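To keep things clear, I will list the structure first and then write my remarks on it.
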Amino acid sequence: MLTDNPALLGLVTIVIGVGACLGYFFFSNVVLDKVIFPATGPNAGRNINRANLVRPWLFLFPAVFALTLYLAYPVFETLRLSLTDRSLDGAFVGFENYRKMMAESKFWEAVRNNMLWLIVVPAASTAFGLLVAQLTDRIRWGNLAKSLIFMPMAISFVGASVIFKLIYDTRPADQNQIGILNAVWLKFDGGIGSVLMLQVLPTLMYLAFAAIVAYVAWLFVKDIVGKGQDRSVWLLPLRLLVGVAGVWLVWLSVSSAIGVWSAELPHGEPQTWLTLSFWNNFFLMVVLIWIQTGFAMVILSAALRGIPEETIEAAIIDGANPFQIFFKIKVPQIMGTIVVVWTTITLTVLKVFDIVFAMTNGQWETQVLANYMYDKLFRANDWGVGSASAIIIMLLVTPILVWNVYNARKEMR
Amino acid sequence: MASIAGKKSGLTWAVHISVAALVLLWLFPTVGLFVSSFRSGDQISSSGWWAALFPSEQNEVYRTADPKDKRVADGDMFVVTGNIFESAPRDIKAWGVSSRDVAAYQPGETAELKDGESVTLQADGNYVWRGNDKQISGRGQRIFITATVPPDFSLENYTTILFSGSGQDNMAKAFFNTLTVTIPATIIPIVIAAFAAYALAWMEFPGRALLIAAVVALLVVPLQLALIPLLRLHLGIGIGKGYLGVWLAHTAFGMPLAIYLLRNYMVGLPRDIIENAKVDGATDFEIFTRIILPLSFPALASFAIFQFLWTWNDLLVAKVFLIDSTGSTTVMTNQIVELLGTRGGNWEILATAAFVSIAVPLAVFFLMQRYLVRGLLAGSVK
Amino acid sequence: MTSLSLKNVSKSYGTVEVLRNINLDIEQGELIVFVGPSGCGKSTLLRMIAGLEKITGGTLEIDGMVVNDVPPAQRGIAMVFQSYALYPHMTVYDNMAFALKLAGKSKVEIDTAVRAAADRLQLTDYLDRLPKALSGGQRQRVAIGRSIVRDPKVFLFDEPLSNLDAALRVATRIEIAQLKESMPDSTMVYVTHDQVEAMTLASRIVVLHGGDVEQFGPPLDLYERPANTFVAQFIGSPAMNLLDAKVTGTGETTSVQTADGGHAAVPIPSHASDADSAVKLGVRPEDLTITDSDDFLVAADVDMVEALGETTVLYFMSGSGEPGLIAKLPGIHKIARGTNIRLTAAPEKLHLFDDKGTSFLYR
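See the structure below:
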């Protein structure tokens, strides 16, 4: 039977589907030109012009139909569902679902984790991407290196989850560890090497992070306190937000840096990394960073190549060292691209589902919004709360949406 | 810079070393999975995959032949002789007869056991086990050896996953299901989006700017929002869960990016060429099929790769729109997630299954990387 | 016979009017050049004739038929674009055959036409090549060949030489002139911003400026009898000097006095009402000569000297013209900076423009 052989079925579908698409476009045009507005007779000119008024819509129809039905309509339908209760036959319940959702600790856990993801993953991916792009820019095997770092882009989140589960694997203490992370961990015994790697190094990284955050936050805030030129009211909330977030992040990293020294590290015991609450979030984020760095690298690398060589040569003649060239000449010139990369990764993070679903399924305090939503929709069958959480994701995406549309329109003018 | 600066600084070396380190770090996880997929379950669970690449010292247990059949009288004593290796010989470094001291003797030495019982083992595995009637009876004597084992890989896991495995372990069906989802879901949106992109790029009509803005907006709408309303719709109009539903969903979800990429590319084609075609007497349909499509090949290829990778790697859309309770239409990503649940410890199955599923995208990636990069740049850099 | 006729043609984008009431009658066999500074609307006008831009007012006739609403392919025109617009994925042969294929011509017919055109343009050896394997000049010829193949009533050229380097431009310009000569019955409309192309190719020139036709006439007419100050300064290089002057006597001959004391009796008639009015006295740099007599037009200090051998160009900052007076003298003159020099010109070489810039000849 035809339906028994998926390969054959697929083939037939391709032929029918593609054929139908092409057929639609071809015949609708023929009908338009030959039957409705024939380009002959006394009205030929007028008919041709009329046909040309209709034609764009023939070309657009299938796409617009798909976009409307599958993307635009669901936004409003989801909004409606989030305000109704399925068990009450879809009766309108106002913000009841949202209230229910807010009362759940699992929701707040997902929000907190999502915030962590939103800060760490785009920052780390962009930073690594920029680093690799800059380092590989002038070396002969740079393209090979980039190609290999770019490779995880092709790997599914699920495949990447399996890969990293192997890395995080744990065996009882008396067996050989087959997860590389535990194998490395067991090499640390509390000696001088451990102090260097596990305490000095992380402290330095925390402090470096705090310094960068403080610098960026200061850039945003200084126009409020100082005598900056750009004091538009529009940007004030954004500046305040960045300022507050910056202070919070600095506080967090400084206290973590202190925490590194006071903590008792369980040397010699293999760890089940994915159940270490709070830290396990970072082990999941590593998977996405691993995938997204290649993306950031490719785009930033192109941007770096686009910088006019003359500006760099001028800086060399002015006596700038390689680091000054990078931070003072190159980075400012590609700031626009960095923002684009950052927002693109942010979008990916907001939708991240597969990694959490495959690795922990939200257990051990690793829940994120997308997985929470899936849980509500398809496990708990609670469409109201599920839709409400989907709307939350939509709200988080909206600023980027507005920004993109604003930019696109500006560009078209 | 190097060409200007004249002298090569030590920094160059630092750059080479850091890049090498980063590349290794990024490659390491995938290589681990790749290597593991060629090892047996026992091998995986007894040592880390990184150890499998080199000859390793391993402890193994063997048993001498069964005294019942093989013992030979030698005066008032009995002797069993033979070779402990049946198929794969090892290079014995040390050996022992007790699990408490597995490396008590060197090859060629004789282990004196209680009451005159003795075992001699040569480096090539030949042994002589001597003792009285009572001692040389029951089961064969256990012999522990420490030997250097060469790296050992086999394709057995792949045979299991692709051909011989049963039930969940066999990925062949899921592989074809994935293909069935992927190929129409890649080609159909290209056709539809290409026409729309042409209209948005080169035809004049009221509302064009608004439509373009709408496409840009829909570019970022999370598909999570679409799940419930569309599943209800599909169930309502009788499509239900199945291939048709997942094709439609993938087509629509890929549409904003497809239109965006293709329109941006088509707008960049020289206006003169299109006007010249008009002067030459081509209709819009002819301009599209004979001029625009051939010239847009790079953009079409870029999007095709995106859509292929996305549909091949997708889990969520397949779970919601395709896979019903019978599971006969499962795709590879879903099967792997299920394997993670039920066979979480069987790394040989998991690693091989995962590698089978990522092999195709990786091949596409390395063959078509140029177009992928071009598409990424067109889609992101403004 | 009138081949192309524009009646009150105008074009506006929304409220912005880019072309106003253009009236042109073009005879069969003419080569008309639209010339003007960038943004003057010359390309837009050409594209309206081609049918690529909508005509928002007036009528356009080709061979006596109103074609306002006729799509480009049915107008009987062919166009050569500035960028040549060759189809990059088709061979030279296919590029030339494309329009005929679309028109449903038979294979034999297409082949004959393409080979004839290729022969004429020395492209026969390149018919199997893709455009990217051709030189700039060859691409240009393919673009021309593509239009010849269609045997149109009107050829349209949109700045076809501006993508070529200087040497090739001269060679191709001559080729186009020869091509025109070999096809005496075909009408051509040619857009350029280069006055040399306009002067050498055109049977008549249309000077466009800010959406209006400033003058329409044979090339030397434009040089000798410019209708207004714009045409006067646009045609000719360096541009015509315009001196501030006052009318001192009217009649068959008009007497004027320049701001720095020079006099001239210009053989151009004027009305009595012109007496004492401020006018512009136009004189081309190449018409100025040095004089010792008191009967001079201008006396000024030389500010800079460009000795080119063939000519000597003098720049005067203190002259009454703006932005400065230029004189172009044949041969070599040893003149130091700062020398005070008197210049004059033959009266029949002088031009008079009223305060609106219109030539006295065209009032």
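Chains as they are written, first to last, in my numbering: chain A, 3 to 415; chain B, 19 to 400; chain C, -4 to 358. Even glycine gets a Cβ: it sits at the ideal position worked out from N, Cα and C. As the structure is a prediction and not an experimental result, all values here were calculated from the model.
- By the neighbour-count criterion, in which 16 or more other beta carbons inside 10 Å mark a residue as buried, Asp87/B falls on the exposed side.
- Interface with chain A (8 Å Cβ-Cβ cutoff): Asp64/C is included.
- In the DSSP assignment, Asn18/C falls within the unbroken beta strand (DSSP E) covering Val11 to Glu22.
- By the rule that beta-carbons nearer than 8 Å mark a contact, Ser343/B does not touch chain A.
- The beta carbon of Leu356/C is closer than 7 Å to those of Arg220 and Ile263 in its chain, skipping five residues each way along the sequence.
- Under a 10 Å Cβ-count criterion, Met117/A is classified as exposed, with fewer than 16 other Cβ atoms of the shown protein chains found around its own Cβ.
- Along the region 321 to 336 of chain C, none of the residues has a CB nearer than 7 Å to a CB of chain B.
- Nearest to Tyr72/A by alpha-carbon distance, out of Leu333/B, Phe339/B, Ile354/B and Trp365/B, is Phe339/B.
- Annotation for Phe130/A: Ile291, Thr295, Ala298 and Met299 place their beta carbon closer than 8 Å to its own, counting only its chain and skipping 5 residues before and after.
- Distance from the Cα of Phe193/B is smallest, within the candidate group Gln387/B, Val391/B, Ala371/B and Ser36/B, for Ala371/B.
- Listed as beta-bridge partners of Ile310/B by DSSP are no residues whatsoever.
- Residues of chain C with a Cβ closer than 7 Å to the Cβ of Asn51/A are, in chain order, Asp64.
- Distance from the CA of Ala216/A to the CA of Leu371/A, rounded to the nearest whole angstrom, comes to 28 Å.
- For Asp60/B, the three-state secondary structure derived from DSSP is helix.
- Annotated three-state conformation of Gly364/A is coil, per DSSP.
- The C-alpha of His258/C is placed about 14 Å away from the C-alpha of Glu343/C.
- The beta carbon of Gln133/C sits no closer than 8 Å to any beta carbon of chain B.
- By the criterion of at least three beta-carbon pairs nearer than 8 Å, the region 159 to 171 of chain B is in contact with the region 107 to 124 of chain B.
- The residues Ala295, Asp296, Val297, Asp298, Gly319 and Leu320, in chain order, have a CB closer than 7 Å to that of Phe311/C in the same chain once the five nearest residues on each side in sequence are set aside.
- Beta-bridge pairing by DSSP links Gln76/B to Ala165/B.
- At the C-beta level, Leu333/B and Thr351/B come within 8 Å of one another.
- The C-beta separation of Gly36/C from Val62/C comes to about 20 Å, leaving the pair out of contact by the 8 Å criterion.
- In the three-state DSSP reduction, Gln135/C falls in the helix class (H, G or I).
- For Ala125/A, the secondary structure class from DSSP, reduced to helix, strand or coil, is helix.
- A buried status is given to Pro280/C, since no fewer than 16 other beta-carbon atoms sit within 10 Å of its beta-carbon.
- Contact check between the region 44 to 62 of chain C and the region 198 to 212 of chain C: fewer than three CB pairs, one atom from each, fall below 8 Å, which does not count as touching.
- Taken through DSSP and simplified to helix, strand or coil, Ser33/C comes out as coil.
- In the three-state scheme derived from DSSP, where H, G and I count as helix and E and B as strand, Arg337/C is classed as strand.
- At a cut-off of 8 Å, the C-beta of Arg142/A has no neighbouring C-beta in chain C.
- Residues of chain C with a Cβ closer than 9 Å to the Cβ of Arg48/A are, in chain order, Asp64.
- Secondary structure of Thr86/A (DSSP, three-state): strand.
- For the set Asp290/B, Gly299/B, Tyr283/B and Thr344/B, the Cα lying nearest the Cα of Gly393/B is the one of Tyr283/B.
- When only Cα atoms are considered, Ser258/A and Tyr208/A end up about 7 Å apart.
- Collapsing the DSSP output to three states places Pro147/C in coil.
- Taking the CA atoms as reference points, Leu97/C sits about 47 Å from Thr345/A.
- The contact set of Gly299/B on chain C, defined by CB atoms closer than 7 Å, consists of Ala68, Ala94, Leu97 and Ala98 in chain order.
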